[in-house]
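Colleague: The structure is given below, and queries will be raised subsequently.
Residue numbers (the numbering used here): 26 to 492.
This is how it looks when you write it as structure tokens:
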């Protein structure tokens, strides 16, 4: 009945020649509502304002579709600028990506700060999973050009400058987010601290300062009550302590992260957290809890229907299946990841993991060598130290399978050096270390590890991959 009434009202407005006037009024009203709500979405009252926006979700979406259909750049971009964070935070990523990219593509004269904000939102959505580096760079440059024309605006726009600095290469990564540490907005400062810690992880820089950045960011997000940031910081800290082998404590932190992020409805984040818990519980020997965590991850992924989450979950399930010794399930999950990833399947941070899986599974050492070599090339291109360290462990496994026990130990040490410290969540590294200790006497093992820590990983991997 309600749809019939709406259709009748539309027909009457069209007959009176007032349909466009009504559409504009509708757009204006819900843009103002989103504008009022937007700053509250980064504070403790975010749940209250998310509930208000969720009540009007269909109206906000209808207003955006109407503006896009009419080619109304100013209206569409303004709504995208104030609605982008709602779509992201509230679990509407598919819809949000569609809206912000469509609005960003509209031609027309629009305030530079608004256009920069929308371009920044596009960057945020695109960088949430596997990403085309060239495409991402293009959007970062676009956002930066408009931000320079009208600096200020949305707090997240301040990060565009940091992202542009990251494009200059690894040397810029350590300091890229430093300017945001002095920002007036506590949310910006907290996120900058979190990113300062993450950049050091990406570069393989171990040290107390990494934990200090993450812990301070967590305290700052808790001080303002921002749940997405709290969950983000908890997840990063959990990964840190899991890497040290403290799996139960890491699972407890991840449980806290699930609790706060579920409150805002970001199911895509729950997928990632639960799949990580599933692996950690498996490492603890608790297969039942591991399976339950993975089942919940799948349920949330199906409900969210965000392709990036579905693809990432498939890869995590493939890894767990390999650990369990189930190659058929590994191949099934790889096929799912391929379907869900689409054109992103060939991106380096995805292909590295696929080739790694296939390298471990292959019983033909020549095929395994080719797969691990492909994984290494992709990991180098991705430029992410933890991923590279993980791939080097796979090459250590290849050395072990060739009965090159000292070389396997050297490669393990090289992997630790790349990451900055050992990663106890890599079940293969633990297995390879145990095997090499059994096959070598203590002095030879110690010397091999010492040599591997000092040698360059490029030379060590080249030796094994050339055999």
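Built from N, CA and C at the ideal position, the CB exists for glycine as well.
Hey, how far is the Cα of residue 477 from the Cα of residue 134?
Modeller: Within the chain shown, residue 477 is the residue found at index 452, counting from 1. Within the chain shown, residue 134 is the residue found at index 109, counting from 1. In a straight line, the C-alpha of residue 477 is about 58 Å away from that of residue 134.
Colleague: On the three-state DSSP scale, how would you describe residue 100?
Modeller: Locating residue 100 in the chain shown gives position 75, counting from the first residue. Helix.
Colleague: Whether or not the region 114-129 and the region 286-297 are in contact is what I'm after, with contact meaning three or more pairs of Cβ atoms, one per stretch, closer than 8 Å; do they touch?
Modeller: The region 286-297 vs the region 114-129: in contact.
Colleague: Rounded to whole angstroms, what is the Cα-Cα separation between residue 267 and residue 98?
Modeller: For the purposes of this step, residue 267 is identified with residue 242 of the chain shown, where counting begins at 1. For the purposes of this step, residue 98 is identified with residue 73 of the chain shown, where counting begins at 1. Roughly 47 Å between the two C-alpha positions.
Colleague: To the nearest angstrom, how far is the alpha carbon of residue 237 from that of residue 262?
Modeller: On the chain shown, residue 237 is found 212 positions in, with the first residue counted as 1. On the chain shown, residue 262 is found 237 positions in, with the first residue counted as 1. For residue 237 and residue 262, the distance between alpha carbons rounds to 10 Å.
Colleague: For the alpha helix (DSSP H) containing residue 211, name the first residue and the last one.
Modeller: As a working note, residue 211 is residue 186 in the chain shown. Its alpha helix (DSSP H) spans residues 211-227.
Colleague: With three or more beta-carbon pairs closer than 8 Å as the criterion, would you say the region 139-147 touches the region 55-74?
Modeller: These segments do not touch.
Colleague: Counting only the same chain and skipping the five closest in sequence on each side, list residues whose C-beta sits under 7 Å from that of residue 308.
Modeller: Position 283 of the chain shown, counted from the start, is the residue given in the question as residue 308. Correct list, in chain order: 272, 450 and 452.
Colleague: Reducing DSSP to helix, strand and coil, say where residue 202 ends up.
Modeller: Taking the first residue of the chain shown as position 1, residue 202 is located at position 177. Residue 202: coil per DSSP, three-state reduction.
Colleague: Report back the beta-carbon spacing between residue 482 and residue 418 to the nearest angstrom; my notes put them in contact at under 8 Å.
Modeller: Taking the first residue of the chain shown as 1, we reach residue 482 at position 457. Taking the first residue of the chain shown as 1, we reach residue 418 at position 393. Contact doesn't hold; Cβ gap of about 11 Å is too wide.
Colleague: Using 10 angstroms around the beta-carbon of residue 207, count the other beta-carbons present and answer buried if the total reaches 16, otherwise exposed.
Modeller: The count along the chain shown starts at 1 and reaches residue 207 at position 182. By the neighbour-count rule (16 or more Cβ atoms within 10 Å), residue 207 is not buried but exposed.
Colleague: Kindly indicate which residue of 276, 49 and 56 has the alpha-carbon position closest to the one of residue 94.
Modeller: Within the chain shown, numbered from 1, the residue matching residue 94 stands at position 69. Closest option to residue 94, Cα to Cα, is 49.
Colleague: Check whether the region 328-347 touches the region 360-373, taking contact to mean three or more Cβ pairs, one atom from each stretch, closer than 8 Å.
Modeller: Touching, per the Cβ criterion.
Colleague: How would you label residue 325, buried or exposed, when you count the other beta carbons within 10 angstroms and need 16 or more for buried?
Modeller: As a first step, residue 325 is located in the chain shown; it is residue number 300 there, counting from the start. Residue 325 should be labelled buried.
Colleague: Rounding to the nearest angstrom, what Cα-Cα distance links residue 109 and residue 79 in this structure?
Modeller: By 1-based counting over the chain shown, the position of residue 109 is 84. By 1-based counting over the chain shown, the position of residue 79 is 54. Taking the straight line joining both Cα atoms gives about 13 Å.
Colleague: Compute the Euclidean distance between the alpha carbons of residue 130 and residue 153, then round it to the nearest angstrom.
Modeller: As a first step, residue 130 is located in the chain shown; it is residue number 105 there, counting from the start. As a first step, residue 153 is located in the chain shown; it is residue number 128 there, counting from the start. Cα to Cα, the separation comes out at about 20 Å.
Colleague: Does the region 398-410 touch the region 212-220, meaning 3 or more C-beta pairs lie closer than 8 Å?
Modeller: No: fewer than three Cβ pairs fall under 8 Å.
Colleague: Tell me whether the beta-carbon of residue 474 lies closer than 8 Å to the beta-carbon of residue 434.
Modeller: Locating residue 474 in the chain shown gives position 449, counting from the first residue. Locating residue 434 in the chain shown gives position 409, counting from the first residue. In this structure, residue 434 lies closer than 8 Å to residue 474 by Cβ.
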